[in-house]
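Taking this note's numbering, the leading residue of the sequence shown gets -10, the next gets one more, and so forth. Think of the CB as a built atom: it goes at the ideal place given N, C-alpha and C, for glycine as much as any other residue. Remember, it's a predicted structure, so these values are computed and weren't measured experimentally.
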Amino acid sequence: MNQDEDTTIQKLTPGTWHGRVIRHEHNEVPGQIILIEDREYFFPENNPSIFFREGSWVQIIVDDQGNQELKLIQETSISPTSSGDILRWRRPGQNPSRMHLLKKRHQLFLETRKWFDQQGFIETETPLMVQAPSPEAQFSLMQVHGETRENENLPQKPEAFLITSPEYQMKRMLVGGFEKIFQICRCFRNGEIGPLHHPEFTMLEWYRAHGSLRDVMNDVTQLCRYLSTKVSGTLPMTDQSWPILRVRDLFQDKLGIRLTGRESPQELLAQAQDSGMSTAVEDLTESNPDELTYESVFFRLWDQVEPELGKEGPVWVWEWPLPLASLARPLPDSPGFADRAECYVNGIELANGFGELTDPEEQLRRFQSDLELREKTSRQNVPLDHKFLQSLKEGMPHSAGMALGLDRLLLWLTGTKNISQVLTFSWEEI
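Here you go:
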């Protein structure tokens, strides 16, 4: 069956097929429209005895001469509707259908695992539910509340969090001697929903012990080129290297703002006003100076830059200001900036990677700063991951890691615009 043909007139190839009757009549000709996988087929009313109720499951046997035999398998009293599951993944006229995209999703996962296996990586699984999540203030967390235990020897009313990333546990594995690991897992961020966001999403994350940020950036490039031939088939991907831009250069060239990575939120806000960006930060000027954060000012300005990134092909954005370092190491040759890079395509962040911070004292300081920022921005307080900090004290090797959103990657590879189209169920459908 060809995805691009007019499916109401094409012929079934010899074999046994199963489908559902979705309606009667085609172009005023009596008959049955039967949905097989995600394509429609018209069967004229040559024999009234094989005319089945809408919604019925039928079997079609096609012999080598093209003769077709229809049999009723299961009758239903429910007719197909646009809000039901019969047509949820294969609505007539939708091209490509969600069923087609979900088959592409299966192929994406299969080929991604194959590529990492070929590079000598080990696939790993770490917990989706943890006691100490990422304290970074930009994340709204999903919390799990347990019931009271009957066994008094177990913790009572345990509370846990769904992960925003498998990062901490995977880094502990690096401390334990694993050198090249990857994971495909579900991650959770509360309150994020829209064409590019979903509260539950699929992350591909990998680490190279003794590797550099450039190593994992190269992984992204090579993986995407590989997947473009295996999954997309139509997305042009040249062998040219992807441009590497610096955050400070983008701010200078696009906004006329000079970033040092050491400016205070107030100093960054003043620069924004002086450079003609007052509208972008207008409501922030009314904030209490003590409540103003570097992140809030920076990302208002970043919103003016981001939409144009990667319009002509993927680009990297490197050297982020230290207040946005997250778990990336400081760059010794660029004071005030961190060894962090993000990949952008069509104005959308696709991947985010670090040359990893291995200093436990600096990591503790950043965690404490994150907790203070969570309190300042009225975010939920969370416990620190002391097991991760202890693991860093045991000596994490110099490493690099990358996180890539597989849902967004599939959007790009298939030219799809809304993340709900590449999910089996969106939030509104469960």
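Residue i: first and last residue of the uninterrupted beta strand (DSSP E) it sits in
i: N335; result: First-last for N335: undefined, no H or E at that position.
i: L393; result: S388 to G394
i: F41; result: Careful: F41 lies outside any beta strand (DSSP E) and carries neither H nor E.
i: Q21; result: V18 to I25
i: K406; result: Segment: none, K406 is in no beta strand (DSSP E) and carries neither H nor E.
i: W309; result: V304 to P310
Endpoints, alpha helix (DSSP H) assigned at residue i
i: F287; result: Y283 to V294
i: F105; result: R87 to Q107
i: R355; result: P349 to K365
i: F32; result: That residue, F32, is in no alpha helix (DSSP H); its beta strand (DSSP E) goes R28 to P33.
i: F414; result: No alpha helix (DSSP H) contains F414, which DSSP labels as neither H nor E.
i: K0; result: First-last for K0: undefined, no H or E at that position.
i: K376; result: H375 to K382
Cα-Cα separation between residue i and residue j, rounded to whole angstroms
i: M206; j: L393; result: 11 Å
i: N(-9); j: I408; result: With a pLDDT of 43 at N(-9), under the threshold of 50, the modelled position of this residue cannot be trusted, and the question is left open.
i: T153; j: L298; result: 25 Å
i: I419; j: T5; result: 33 Å
i: E295; j: G336; result: 6 Å
i: K406; j: E189; result: 18 Å
i: E3; j: G166; result: According to the sequence as given, residue 3 is Pro; it is not Glu. If you take the alpha carbons of P3 and G166, they lie about 54 Å apart.
i: L399; j: R94; result: 7 Å
i: R329; j: G344; result: 6 Å
i: R318; j: W195; result: 17 Å
i: F32; j: R42; result: 14 Å
i: T(-4); j: Q57; result: Only weak support is given to the placement of T(-4): the predicted model assigns it a pLDDT of 46, under 50, and the question is left unresolved by the model.
i: K169; j: G55; result: 53 Å
i: W401; j: I39; result: 44 Å
i: Q293; j: K243; result: 8 Å
i: E148; j: R178; result: 17 Å
i: F105; j: Q158; result: 19 Å
i: E351; j: S380; result: 14 Å
i: H13; j: G20; result: 5 Å
i: E331; j: H387; result: 20 Å
i: Q376; j: P69; result: In the sequence under discussion, the amino acid at residue 376 is Lys, which differs from the Gln named in the question. Cα to Cα, K376 sits roughly 53 Å from P69.
i: D(-7); j: K0; result: Here the model assigns D(-7) a pLDDT of 42, short of 50, so the residue's position is not dependable, and the following value carries that caveat. About 14 Å.
i: S323; j: A314; result: 13 Å
i: S230; j: N341; result: 18 Å
i: L258; j: A327; result: 21 Å
i: G200; j: T413; result: 36 Å
i: P81; j: F98; result: 27 Å
i: L290; j: L239; result: 11 Å
i: V51; j: R175; result: 42 Å
i: E125; j: V220; result: 34 Å
i: D374; j: K92; result: 38 Å
i: I49; j: Y333; result: 47 Å
For residue j and residue i, believed in contact at Cβ under 8 Å, the rounded distance
i: E301; j: L216; result: So it is not a contact: roughly 20 Å between Cβ atoms.
i: V236; j: V306; result: 6 Å
i: S45; j: V10; result: 5 Å
i: S264; j: G245; result: 4 Å
i: Q262; j: P278; result: So it is not a contact: roughly 14 Å between Cβ atoms.
i: L395; j: L193; result: 5 Å
i: M391; j: K160; result: In fact, because the Cβ distance is near 13 Å, the residues do not count as touching under 8 Å.
Between the region 242 to 250 and the region 304 to 322, can you find at least three pairs of beta-carbon atoms closer than 8 Å?
yes
Let me know the alpha helix (DSSP H) ranges lying completely inside the region 186 to 268, each 4 residues or longer, listed in chain order.
202 to 216, 236 to 239 and 254 to 263
What are the complete beta strand (DSSP E) segments, minimum 3 residues, inside the region 124 to 184?
131 to 134, 148 to 151 and 169 to 177
Could you tell me whether the region 64 to 80 touches the region 101 to 116, using the rule of 3 or more Cβ pairs below 8 Å?
no
3-residue-minimum beta strand (DSSP E) runs that sit fully inside the region 43 to 71, ordered along the chain
46 to 51 and 57 to 63
Would you be able to state if there are at least three C-beta pairs under 8 Å between the region 118 to 134 and the region 356 to 369?
Per the Cβ contact rule, the region 356 to 369 is in contact with the region 118 to 134 (3 or more Cβ pairs under 8 Å).
Would you call the region 8 to 28 and the region 76 to 92 in contact, with 3 or more CB pairs under 8 Å?
Enough Cβ pairs lie closer than 8 Å, so yes.
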